[in-house]
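Everything on this sheet refers to the single structure shown next.
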Amino acid sequence: MHFSFRSLHAPGVAMLLGSASASLLGQEILLDRYYVNAPPLASDATGVTSNAVRSHLPVDVGALVAREVAAVSPVRRGGVASDVLLRGLGRDNVTVALDGAPAHAACPGRMDPPVFHVSSPLIEHIAIGAGPFDVRRGGAPGGVIAVESAAPPAERFATLGLLGGSADLRNVDAAVGGPVGGGWRLLAAGSYQEGLSYRDGTGHRISETPGLNYRPEWRDATAFAIGHAEVHARWADATGHELGLRAAINDGVDVLYPALMMDAQRDRATRLGATWAAPVQLPWADHWRLQLYHHRVEHDMSDAFRQSSLGMFAARGWMMRTIAATTNYGAQLETDVRRGDTTLTTGAQAGARHWVADNVIGASANAMIPDVTIRNVAAYTQAERATGPWRLRAGLRAEAWRSAASRDVSFAQRAHGTDRNRQTDAALMGHVFGERVLTPAVTLFGGVGHGARVPDPQERYTVVNRPGTGTDWVGNPTLDPVRGTELTAGARGTAGRVSWNARAFHLRFDDYIVLGRLTPAPGSTANPARTESYFGIGAELTGAEAKIQVGLAPGWTAAFDAAGQRGRKRSLAPNDTDRDLPDIPPWRGRAALRWESAGTWAQFETQWSARQNRVDTDAGERPLGGHAALNLRAEHALGHGLTLSAGVENLLDRAYAVHNAYTRDPFAAGLLISEPGRYLYAQLRWRL
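Here this note's numbering runs 71 ahead of the position in the sequence shown, where the first position is 1.
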């Protein structure tokens with residue numbers, strides 16, 4: 072197993088030096104926020120703190136979150152860029168917000184999930200709210216994952232971090248920041264990382280898995296090279312007026328995705344944002360804030376690294392290729408007012424999401440995502456009140472969407488026997504959530520919420536007409552919005568050195584979107600035996616979560632958390648017979664033992680998953696055995712601003728894989744990708 076700090080490629084060094092880049096890893100820093108968020112009730116959200124982020128291998132944010140939160144499970148496609156499912160729900164069923172703005176993927180196969188485009192050293196907090204209990208961030212029925220980056224600090228600082236690990240992993244990050252006068256604070260940061268394909272528990276590189284057909288020169292080549300740079304600026308005066316400005320770029324080159332039939336030659340994400348907040352003296356508002364955002368992702372993928380590129384199309388370097396881009400932009404205006412024991416938040420949001428993807432397979436060209444734009448406008452209000460032993464919150468959101476494809480979608484229309492293209496949808500969403508202190512040691516909580524989301528451009532308008540007898544893939548222009556209603560209840564409490572939190576939920580869907588086999592309408596030229604499309608069905612999801620923490624002795628803590636759910640189809644898509652909902656992970660969790668003492672800590676943990684027998688055979692899922700992986704992490708302050716940390720993941724070098732989600736992707740390789748085997752890493756950080 073190779074473990075080194077080799078020299079970095081020149082582009083990575085140039086990015087770091089050119090952006091005065093780096094990371095806030097290494098020390099706890101108290102940071103002001105750009106804008107004020109209404110605090111969530113203690114029981115309806117969880118999160119990952121900056122300290123927890125810093126304690127993990129900073130390579131894959133999606134996998135990192137899944138290690139910290141049992142209700143979040145990863146979707147493995149390669150060595151980086153893991154997607155995440157919240158209680159088995161993904162894609163647009165869960166809103167992902169980066170610094171308060173919605174974020175989306177450009178790749179139709181989700182090589183580039185939104186959490187891939189943030190740098191873990193810059194994360195201040197990741198808030199995770201399950202279920203339709205957030206009207207401020209879109210009302211998706213599955214919940215929200217909100218990533219907040221660090222803001223410019225009040226004191227000047229500089230940091231530098233160097234990390235090396237198995238599979239020739241190399242990572243460098245740096246940051247500078249602080250006040251610069253005139254009420255301004257700045258933060259400039261960046262990072263660069265690269266590495267080979269990891270080895271699984273059998274000792275084989277995942278790029279060598281039989282059936283993936285990587286060309287020999289790419290099986291042991293660099294599997295990812297990713298640079299990231301950000302600049303944040305904040306101005307504030309003594310009267311409470313605040314201005315925040317952000318710019319970020321994330322650039323990935325030659326990223327291998329063994330789970331799919333193509334790899335990414337380039338993935339670039341740029342984010343721009345501005346916020347303005349100020350106090351006011353109005354009967355209906357004490358404070359207001361405005362946020363503007365613009366995100367763009369450009370994605371270029373092909374089979375250039377595979378044997379399939381060497382046939383009759385070798386002269387152009389690839390047999391199949393997709394070039395995709397997505398842009399979303401918008402504005403959100405929000406006011407707060409507090410009167411007595413009640414806080415009222417009111418807001419409005421408007422934006423647009425544009426997605427285009429052009430695909431070539433052999434000699435056949437497709438407008439895969441045919442230049443689709445979704446525009447939305449929304450208004451919402453949320454009230455929170457604390458009185459006596461009660462704390463209550465109620466929210467309401469009204470939203471309308473306008474979807475349209477600008478290019479030819481007749482192939483998809485004919486397959487479904489419809490002439491629909493442009494469509495307007497609307498939904499009313501809301502929730503009531505509360506908690507009651509039953510005794511000084513026990514609090515009960517619960518609520519009911521209803522959420523909705525519009526079908527995305529891929530689900531409504533995809534066009535892939537494969538040559539010959541290959542499987543065609545079409546959108547469904549007749550889809551209705553997904554709607555979900557959740558009932559949840561639980562309790563939390565303390566007993567001596569023990570703290571605990573447990574909850575159960577039931578989420579019922581109407582028009583939940585699944586991928587299934589379509590029998591094309593008469594007159595369609597789609598493959599009559601092999602055409603995939605999207606359908607809205609009735610579905611339900613039932614599950615539970617539990618967390619326990621025990622103070623064993625001074626400096627010693629034990630923790631346990633687990634989550635599980637079962638998905639069931641209440642109705643079936645045409646040609647389906649299996650009632651199990653696809654993509655639902657089994658029970659999974661973590662048990663950890665931690666020791667801390669004055670600048671030093673060590674943690675031993677096991678990440679486990681039960682066997683998954685309830686799989687959707689219609690979606691090609693297969694039963695998957697359970698597993699348990701042991702991890703060890705430690706950190707020690709060396710003095711003079713230096714900190715050394717190290718870890719071993721999958722200490723016993725077990726061979727295992729997580730649940731096989733997204734096996735139905737038309738560009739999936741059809742193989743289950745194993746998790747990394749024993750993986751060692753060490754990091755040295757310096758702070759001025």
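Backbone N, C-alpha and C define an ideal beta-carbon position, used for all residues, glycine too. Treat the numbers as computed from the prediction; the structure is a model and nothing was measured.
Among the options, nearest to residue i - alpha-carbon criterion
i, options, result
"A309", "A141, L316, A294, A349", "A349"
"D490", "E219, D582, A592, V324", "A592"
"I199", "A740, T117, R241", "T117"
"Q529", "P329, T514, D407, V545", "V545"
"V165", "A152, V143, R148", "V143"
"L713", "R208, E288, R637, G670", "G670"
"M182", "S121, G150, I584, S126", "G150"
"G232", "A238, V243, E226", "V243"
"H366", "T398, E226, R574", "T398"
"P129", "V186, L361, V585, A292", "V186"
"G401", "G459, W426, G344, L381", "G344"
"T648", "W426, G587, N684, R148", "G587"
"A168", "R208, A152, A700, A307", "R208"
"A700", "S278, V132, G272", "G272"
"W472", "I445, A245, Q336", "I445"
"L157", "L743, W658, V206", "W658"
"Y727", "I277, S474, A634", "I277"
Through-space distance from residue j to residue i, alpha-carbon basis
i, j, result
"H502", "P184", "28 Å"
"D551", "D687", "23 Å"
"P281", "E265", "24 Å"
"R756", "I194", "16 Å"
"I197", "A717", "23 Å"
"H730", "G741", "13 Å"
"A753", "E676", "18 Å"
"V535", "A395", "14 Å"
"D374", "H299", "25 Å"
"L234", "V480", "48 Å"
"R462", "E455", "7 Å"
"V351", "D357", "5 Å"
"L578", "I608", "14 Å"
"H521", "G210", "8 Å"
"T458", "I619", "28 Å"
"A523", "R286", "44 Å"
"A673", "L703", "8 Å"
"W355", "A217", "28 Å"
"G214", "A141", "15 Å"
"S474", "W426", "11 Å"
"V136", "A662", "15 Å"
For residue i, the first and last residue of its enclosing alpha helix (DSSP H)
i, result
"P287", "287-290"
"A177", "That residue, A177, is in no alpha helix (DSSP H); it is neither H nor E in DSSP."
"P185", "Where P185 is concerned, there is no enclosing alpha helix (DSSP H), given that its DSSP letter is neither H nor E."
"N122", "121-125"
"R139", "Note that residue 139 corresponds to Glu in the displayed sequence, not to Arg. Run containing E139: 132-139, per the alpha helix (DSSP H) assignment."
"S481", "481-487"
"R531", "528-532"
Residue i burial status per 10 Å Cβ neighbour count (16 or more: buried)
i, result
"P110", "Low confidence applies here, because P110 scores a pLDDT of 36, under 50, leaving its location unreliable and the question unanswered by this model."
"Y105", "Below a pLDDT of 50, predicted positions are generally treated as unreliable, and Y105, at 27, falls in that range; no measurement from the model is reported."
"G660", "buried"
"D407", "buried"
"E288", "exposed"
"Q636", "buried"
"T540", "exposed"
"T533", "buried"
"L88", "Model confidence at L88 stands at a pLDDT of 32, short of 50, so the residue's coordinates are unreliable; what they give is reported in the following sentence. By the neighbour-count rule (16 or more Cβ atoms within 10 Å), L88 is not buried but exposed."
"S760", "Since the first residue shown for the chain is 72 and the last is 759, residue 760 is missing from the structure and cannot be characterised."
Span of the beta strand (DSSP E), counted from its first residue to its last, around residue i
i, result
"V569", "569-588"
"E470", "461-476"
"L722", "Note, L722: premise wrong, no beta strand (DSSP E); not H, not E."
"A198", "194-201"
"A211", "First-last for A211: undefined, no H or E at that position."
"H711", "Here H711 belongs to no beta strand (DSSP E), and DSSP marks it neither H nor E."
"V326", "313-326"
"P350", "334-353"
"P250", "240-252"
"I744", "Segment: none, I744 is in no beta strand (DSSP E) and carries neither H nor E."
Below-8 Å beta-carbon distance, residue i vs any chain B residue
i, result
"L664", "Among the chains of the structure shown, chain B does not appear; only one protein chain is present."
beta-carbon residue i near the ligand PLP non-hydrogen atom, thresh 7 Å
i, result
"A663", "Among the components of this structure there are no ligands whatsoever, and the ligand PLP is therefore not found."
Pair every Cβ in the segment 556-572 with every Cβ in the segment 446-459, then say whether three or more of these pairs are closer than 8 Å.
-> Taking 8 Å as the limit for Cβ pairs, the verdict is that the segment 446-459 does not touch the segment 556-572.
Answer yes if the segment 694-710 comes into contact with the segment 602-620, meaning at least three C-beta pairs across the two stretches below 8 Å, and no otherwise.
-> no
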